[in-house]
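What follows is one structure encoded as structure tokens, with my remarks underneath.
There are 2 protein chains.
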Amino acid sequence: MKLKTTDDLHREDEDDDEVIDVFHGDPTMYESYWKQHGEKAMVVIPGWKFTSYFSSAENLCWFLEPEFANAVTRLHNLVGNAVTEDRNIVVGTGSTQLLQAALYAVSLPNATDPIQVVSAAPFYTPYQTIVEFLKSGLYTWGGDAYKFDKDKPYVEVVTSPNNPDGQSRSAVVNRRRGVVIHDLAYYWPQYTPITYRADHDIMLFTVSKSIGHAGSRLGWALVKDRKIAMKMTEFIMLSTIGVSKESQLRAAKIFRVVVDAHEHRDSSAFFDHSYELMARRWCQLREVVEKSNLFSLPELPSGKCSFSGRTFTTQPAFAWLKCESKAEDCKGFLRNHKIIGRGGKHFGDSEKYVRISVVSRDKVFDKLTERLSNITSS
Amino acid sequence: MKLKTTDDLHREDEDDDEVIDVFHGDPTMYESYWKQHGEKAMVVIPGWKFTSYFSSAENLCWFLEPEFANAVTRLHNLVGNAVTEDRNIVVGTGSTQLLQAALYAVSLPNATDPIQVVSAAPFYTPYQTIVEFLKSGLYTWGGDAYKFDKDKPYVEVVTSPNNPDGQSRSAVVNRRRGVVIHDLAYYWPQYTPITYRADHDIMLFTVSKSIGHAGSRLGWALVKDRKIAMKMTEFIMLSTIGVSKESQLRAAKIFRVVVDAHEHRDSSAFFDHSYELMARRWCQLREVVEKSNLFSLPELPSGKCSFSGRTFTTQPAFAWLKCESKAEDCKGFLRNHKIIGRGGKHFGDSEKYVRISVVSRDKVFDKLTERLSNITSS
Numbered sequence: 000m001k002l003k004t005t006d007d008l009h010r011e012d013e014d015d016d017e018v019i020d021v022f023h024g025d026p027t028m029y030e031s032y033w034k035q036h037g038e039k040a041m042v043v044i045p046g047w048k049f050t051s052y053f054s055s056a057e058n059l060c061w062f063l064e065p066e067f068a069n070a071v072t073r074l075h076n077l078v079g080n081a082v083t084e085d086r087n088i089v090v091g092t093g094s095t096q097l098l099q100a101a102l103y104a105v106s107l108p109n110a111t112d113p114i115q116v117v118s119a120a121p122f123y124t125p126y127q128t129i130v131e132f133l134k135s136g137l138y139t140w141g142g143d144a145y146k147f148d149k150d151k152p153y154v155e156v157v158t159s160p161n162n163p164d165g166q167s168r169s170a171v172v173n174r175r176r177g178v179v180i181h182d183l184a185y186y187w188p189q190y191t192p193i194t195y196r197a198d199h200d201i202m203l204f205t206v207s208k209s210i211g212h213a214g215s216r217l218g219w220a221l222v223k224d225r226k227i228a229m230k231m232t233e234f235i236m237l238s239t240i241g242v243s244k245e246s247q248l249r250a251a252k253i254f255r256v257v258v259d260a261h262e263h264r265d266s267s268a269f270f271d272h273s274y275e276l277m278a279r280r281w282c283q284l285r286e287v288v289e290k291s292n293l294f295s296l297p298e299l300p301s302g303k304c305s306f307s308g309r310t311f312t313t314q315p316a317f318a319w320l321k322c323e324s325k326a327e328d329c330k331g332f333l334r335n336h337k338i339i340g341r342g343g344k345h346f347g348d349s350e351k352y353v354r355i356s357v358v359s360r361d362k363v364f365d366k367l368t369e370r371l372s373n374i375t376s377s
Numbered sequence: 000m001k002l003k004t005t006d007d008l009h010r011e012d013e014d015d016d017e018v019i020d021v022f023h024g025d026p027t028m029y030e031s032y033w034k035q036h037g038e039k040a041m042v043v044i045p046g047w048k049f050t051s052y053f054s055s056a057e058n059l060c061w062f063l064e065p066e067f068a069n070a071v072t073r074l075h076n077l078v079g080n081a082v083t084e085d086r087n088i089v090v091g092t093g094s095t096q097l098l099q100a101a102l103y104a105v106s107l108p109n110a111t112d113p114i115q116v117v118s119a120a121p122f123y124t125p126y127q128t129i130v131e132f133l134k135s136g137l138y139t140w141g142g143d144a145y146k147f148d149k150d151k152p153y154v155e156v157v158t159s160p161n162n163p164d165g166q167s168r169s170a171v172v173n174r175r176r177g178v179v180i181h182d183l184a185y186y187w188p189q190y191t192p193i194t195y196r197a198d199h200d201i202m203l204f205t206v207s208k209s210i211g212h213a214g215s216r217l218g219w220a221l222v223k224d225r226k227i228a229m230k231m232t233e234f235i236m237l238s239t240i241g242v243s244k245e246s247q248l249r250a251a252k253i254f255r256v257v258v259d260a261h262e263h264r265d266s267s268a269f270f271d272h273s274y275e276l277m278a279r280r281w282c283q284l285r286e287v288v289e290k291s292n293l294f295s296l297p298e299l300p301s302g303k304c305s306f307s308g309r310t311f312t313t314q315p316a317f318a319w320l321k322c323e324s325k326a327e328d329c330k331g332f333l334r335n336h337k338i339i340g341r342g343g344k345h346f347g348d349s350e351k352y353v354r355i356s357v358v359s360r361d362k363v364f365d366k367l368t369e370r371l372s373n374i375t376s377s
């Protein structure tokens, strides 16, 4: 796996043959914003802080820092993307851990069979691996939700906007004895119009895709049912005895900076700036794809964003690129041109598709569109 | 679960009937040291840091911050408690996650039966829960290592010094097809004489018990076999996509402060100060127990510490208190006196024992010894 350093990027200037790695959704795009506008987002942590496992003994989620909980609530209230009233907040080491916590919480410990976990294809690849890697007797991977037809308890994971294809999603199985977990990692106004305050039973969010700090490994769940929230908390206790308080303190600070800037109508407030950046990138990408007869991009939903007042088309963190040429293996085709994306098969879909990240650093993104525009035949 | 705030502690002064919670090993004892001596341990994290999942693309453990790896090596070299040469460092969200990563790494994915995980009683309670809670098909709890007699692959977890009883431990099964995981959380010179540089295949350490920052949720493993280290890294990727970089950055800084102070022979260097504090606490506790005919403490090993040059008896983070009175249920007996410890049964041992934390804040510890000394009959 390749991490691009500044030196790498300088080398790229000199070398057009440099491999462009857009395999991961590493949100380094946000780094330059925080370099330019982040002086208030600096945190100072004295040496004596955080010798205890406990954050708040009164809280159901006893390792949740109250500052982080407050900042999460303020952020959702600002954006209007999720209901926080009467919800339990459970903090996790990224939404990956929270997904596993939710599976643990909704599975039936005394069932003879593990509960089936499904998601509508194309789905986020790691779901399947996460469900399967410990060979748990509590849950098992059930595959594409569109094909699920058993009259058994099941869990459906709904990602909206969807990773990899950016579509708005809702549950597709809708049978009795089902539990739905909503992964709303990308339901933020730089990616998609905020059209409703999400009000589902279990909603997962993450710092990495909202404000960009993937290295903090921090996510949160909004959970309606107190017992589910308690079992999720139990999972995180058994898995990691809580969640880094440094990460929570820092994310709380950065959320406050974001909310304050929007409340003060700062012209370079985070979601406005990030929306503009994503809009420019998608414009650039669409232009390249439209000029080429080798690729296409999916139709994506448009709407009026209640947060910004703008009407726009979803501009996802990933492009779900389709090869319209004869090439059956789009990933391999791009790899021949030294662009590394993630193939459709990984997402339970055709190899005609490849997922490429749109949230890399500027230089990488610019190289990507330049390289794509230079591909003239298969 | 009760978190003692400053207000609680003031109330305790006024109220002798306050419950004393020494159930957890919450290392808040260290807070006052870091308040007095920690001005150099402050960290400042700019807003733009850590937008990437990656720390170091060249490293096998790609989410390990190089600064943290260097600080871990310096700390072990200072203390002399573990070999770091030619070892792979894997960082984890506390040693709890690393234990699970190690179980995943050494289990056999295609075996028909899950591998048995054993530990010699009395053992750290959560081991069993951690092994069992996901009903994994990879590993299962095999109980007390002293009773393990199967001719099958197994994993033995050796904690030394042991939690709960403070004894020095080595593997007890010693059969073929066994893997040993060494949990060395307490192998630090404030608790026990450093008598050898540990050189085992898989060794787990944690920030919480070495320098006291339990809230950082940070641990590390020193792993001889590169393939095992790679599989542990894979586990942590699937479990949490890495480990908080804020926690790593901060622990690196605090480790450096500790090592620098010892190298400069600072009179209030961390391990000297912590050794003295533990020595005073154990002296106080032994005095109370010796005066009473109701309790006893285990005999613990003595030795010359290669780090400090001192000869002393192990002074563990927990006291493994035995009721010598008629009371069969020592935990219940203490609870009647408003002292909350963890009963022996939890550790696979007799209810005549109870584990009480010796690493609480001063006020809590002083109250504990005072309350114990006032118990005059069962």
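Quick note, the sequences are listed as chains A and B, same order. For the first sequence, numbering that gives the first Met the number 0 begins at 0 and goes up steadily by one. For the second sequence, numbering that gives the first Met the number 0 begins at 0 and goes up steadily by one. Even for Gly, the Cβ is constructed at its ideal location relative to N, Cα and C.
Interface residue (Cβ-Cβ distance to chain B less than 7 Å): A:GLU275 is not classified as such.
Interface residue (Cβ-Cβ distance to chain B less than 7 Å): A:THR194 is not classified as such.
Scanning chain A for C-beta atoms nearer than 8 Å to the C-beta of B:GLY136 yields LEU133, LYS134, SER135, GLY136, reported in chain order.
In this model, B:MET231 and B:TRP47 are separated by some 29 Å (Cα to Cα).
With respect to the 7 Å criterion, B:LYS252 and B:PHE49 are not classified as neighbours on the basis of their beta carbons. Ranked by how close their Cα comes to the Cα of B:ASP198, the residues B:ARG280, B:LEU133, B:TRP61, B:ASN87 have B:ASN87 in first place. Assignment of beta-bridge partners to B:GLU155 by DSSP yields B:VAL117, B:VAL179. A:ALA316 sits in coil when the DSSP states are folded into three classes, being neither helix nor strand. Interface criterion not met: the Cβ of B:SER266 is under 7 Å from no Cβ in chain A. In the structure shown, A:ILE19 adopts extended strand secondary structure according to DSSP, grouped into three states. For B:GLN115, the closest Cβ of chain A is not nearer than 7 Å. Annotated three-state conformation of B:CYS322 is strand, per DSSP.
Our two residues, A:GLY340 and A:ILE19, have alpha carbons roughly 9 Å apart in a direct line. At a cut-off of 3 residues, not a single continuous stretch assigned as beta strand (DSSP E) sits fully inside the segment 238–267 of chain B. Here DSSP, grouped into helix, strand and coil, assigns B:SER135 to strand.
When B:GLY308, B:CYS304, B:ASN292, B:THR313 are compared, the shortest CA-CA separation from B:GLU298 is found for B:THR313.
DSSP, reduced to helix, strand and coil, places A:ARG354 within a strand of the structure shown.
With respect to chain A, the C-beta atom of B:LEU237 has a partner C-beta closer than 7 Å.
A distance below 6 Å between beta-carbons, with the five flanking residues on each side excluded, links A:SER305 to the following residues of its chain, in chain order: GLY79, ILE193. The beta-carbon separation of B:THR205 and A:THR92, rounded to 16 Å, does not stay under the 8 Å limit for a contact.
For B:THR205, the enclosing beta strand (DSSP E) has its first and last residue at 201–205. From the listed residues B:PRO160, B:GLY214, B:LYS208, the smallest Cα separation to B:THR191 is found for B:PRO160.
Taking a Cβ-Cβ threshold of 9 Å, none of the residues of chain A is close to B:HIS345; the smallest such distance is about 15 Å. In the assembly as shown, A:HIS336 is an exposed residue. Its beta-carbon has fewer than 16 other beta-carbons within 10 Å. If you ignore the 5 residues before and after B:ALA120, its C-beta comes within less than 6 Å of the C-beta of ASP143, GLY347, ASP348, all in its own chain and listed in chain order. Residues THR83 of the same chain have their beta carbon placed closer than 6 Å to that of B:THR72, with the five preceding and five following residues left out of the count.
In the same chain as B:PHE270, and ignoring 5 residues on each side of it, the C-beta atoms closer than 8 Å to its own belong to VAL78, TRP187, PRO188, GLN189, VAL257, HIS261, PHE306, SER307, in chain order. At a cut-off of 7 Å between C-beta atoms, B:ARG249 counts as an interface residue with respect to chain A. Of all residues in the segment 330–354 of chain A, none places a beta-carbon less than 9 Å from a beta-carbon of chain B. The beta-carbon separation of B:GLN115 and B:TYR153, rounded to 5 Å, stays under the 8 Å limit for a contact.
By the beta-carbon neighbour count (other beta carbons within 10 angstroms, threshold 16), B:GLN166 is buried. The criterion of a C-beta distance shorter than 7 Å is satisfied by B:ALA316 and B:VAL358. Judged by their CB atoms, B:ARG216 and A:GLY241 are nearer to each other than the 7 Å cut-off.
For B:LYS48, no alpha helix (DSSP H) segment is defined, and its DSSP state is neither H nor E. Nearest to A:PHE294 by C-alpha distance, out of A:ARG225, A:VAL172, A:ASP328, A:GLU233, is A:ASP328. Residue nearest to B:ASN76 within the set B:HIS263, B:ASP361, B:TYR29, B:ARG196 is B:ARG196 (criterion: CA-CA distance).
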